[in-house]
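Asker:
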Amino acid sequence: MLQIKQSPDKPRPPPVDDNTTQDSPSKLSLSSSRTPLGPVVVFIARASNLTDHNYPKAKVDNNQMHEYLRSLLIITVAEHRKRFGLLGLRPHKMQTIIQPAHSRIPSVSRVGKYLGMALEEARASKTECIFVLHGWDGWTTDKMTIMDLCEQFRDIPFSLHVYANRGTLREFFEVNAHKVNAYFRHLVTVDDLSVTGDHSTALFIRILEALPTLQYAKYYPVLSAAERDNLAKYDKRFVGIYEEEKVNVPKLEVADSDGPKPEV
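Residue numbers (full-length UniProt numbering): 1 to 264.
Take a look at the structure:
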């Protein structure tokens, strides 16, 4: 894991209704103190481009890609229901995105406004907001996008349920979005107890930092072999990124002889 020493001089994040340290309400059973409508839940799936699908030879347009992503979210919704049950009576929302994971999602964009409205709804209802991501980078890996959105809604519980379905482990990981925001803003470190005590959040931070390096990892290794193997359990894109490139040696072609061939 990335080792960063904790600095005693670094300011600590100000308490905001303990949202940066408390467990997500979705980790607890529904109680009478919670609104019967339940949390605001947004299922999100993203594709980097129009070829980012499981049909290599298929050509799709923008509308077809959004339909493809929605079909993935239908599966994610079913798996989420199996894992968490019915969290409330509020209808869930869906958002599909077509852009690279590292690209910023401005708050004034269509996607940015939609996600912001979901958090506004949670604030007005005095309830939690949950983004259910289809994959670790199902929303974005851009730190500014995450920080900008989290900072606007520090007064409400905000969680990410990541459906990690690319690795050996196909399960949901519950991530505290406010802790991720605090880490990206350098208010806490990976050694901080609030992070180390939350395995899913720490894992999400590490994977989000490592995924953008895959495009040049073969030439500029960032991860150790041990960490690569560990992360590969959660996302198989980490498998084999540091394997030595095999040299393709052309086979020697021998011309056919017109003479008689020996009997075998």
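Beta carbons are placed, not taken as given, at the ideal position from N, Cα and C, and that holds for glycine.
By Cβ distance below 7 Å, which residues in the same chain neighbour D198 in space, the five residues on each side in sequence not counted?
Answerer: Only N176, K179 meet the Cβ criterion.
Asker: Mind pulling the beta strand (DSSP E) runs of 3 or more residues that sit fully within the region 34-105?
Answerer: Entirely contained in the region 34-105, the beta strand (DSSP E) runs reaching 3 residues are, in chain order, 40-47, 93-98.
Asker: Just to confirm, are A101 and L72 a CB contact at a threshold of 8 Å?
Answerer: The answer is no: Cβ separation not under 8 Å.
Asker: To the nearest angstrom, report how far apart V162 and L37 are at their CA atoms.
Answerer: Those two C-alpha atoms are separated by around 22 Å.
Asker: Leaving out the 5 sequence neighbours to the left and right, which residues in its chain are closer than 6 Å to F172 when beta-carbon positions are compared?
Answerer: Taken in chain order, the residues that qualify are R83, H161, Y163.
Asker: Pull up the distance between the alpha-carbon of G167 and that of S200, whole angstroms please.
Answerer: Those two C-alpha atoms are separated by around 15 Å.
Asker: Can you tell me which of the three DSSP states F238 falls into?
Answerer: Helix.
Asker: At the level of alpha carbons, what is the spacing between N62 and P91?
Answerer: Between N62 and P91, the C-alpha separation is close to 26 Å.
Asker: So is E174 buried or exposed if we call it buried at 16+ other beta carbons inside 10 Å?
Answerer: By the 10 Å Cβ count, E174 comes out buried.
Asker: Between W139 and chain C, is the shortest Cβ-Cβ distance under 8 Å, so that the two count as touching?
Answerer: Reference to chain C is not applicable here, since this structure consists of a single protein chain.
Asker: State the DSSP-derived secondary structure class of N165, mapped to helix, strand or coil.
Answerer: Here N165 sits in coil by DSSP.
Asker: With a threshold of 16 other CB atoms inside 10 Å of the CB of P106, please say whether the residue is buried or exposed.
Answerer: Per the 10 Å Cβ criterion, exposed.
Asker: DSSP three-state call for E174: helix, strand or coil?
Answerer: E174: strand per DSSP, three-state reduction.
Asker: Report yes or no: do the region 41-55 and the region 64-79 share at least 3 C-beta pairs separated by less than 8 Å?
Answerer: Yes, they touch.
Asker: So what's V132 in DSSP terms, helix, strand or just coil?
Answerer: Strand at V132.
Asker: Going by the beta-carbon positions, is the gap between D131 and V42 smaller than 8 Å?
Answerer: Strictly speaking, residue 131 in this sequence is Phe, with Asp absent from that position. Against a cut-off of 8 Å, the Cβ pair of V42 and F131 comes out as a contact.
Asker: Name the DSSP bridge partner or partners of S159?
Answerer: S159 is bridged to I130, N176.
Asker: What does a CB cutoff of less than 8 Å around L119 pick up in its chain, not counting 5 residues either side in sequence?
Answerer: Result list for L119: V40, C129, L149, Q152, F153, I156, F158, in chain order.
Asker: By the DSSP assignment, the alpha helix (DSSP H) with K113 in it spans what residues?
Answerer: Residues 110-125.
Asker: To the nearest angstrom, report how far apart D235 and H134 are at their CA atoms.
Answerer: Those two C-alpha atoms are separated by around 12 Å.
Asker: Looking at C-alpha atoms only, which residue of L115, L86, G138, S224 is the closest neighbour of L69?
Answerer: Out of L115, L86, G138, S224, G138 has the C-alpha closest to the C-alpha of L69.
Asker: State the start and end residues of the unbroken alpha helix (DSSP H) segment that holds S200.
Answerer: 199-210 is the extent of the alpha helix (DSSP H) around S200.
Asker: Taking 7 Å as the limit between beta carbons, can you name the residues of its chain near R185, skipping five residues before and five after?
Answerer: Answer for R185: M147, listed in chain order.
Asker: Using the beta-carbon count (16 or more within 10 Å), is R110 buried or exposed?
Answerer: Its Cβ having fewer than 16 others within 10 Å, R110 is exposed.
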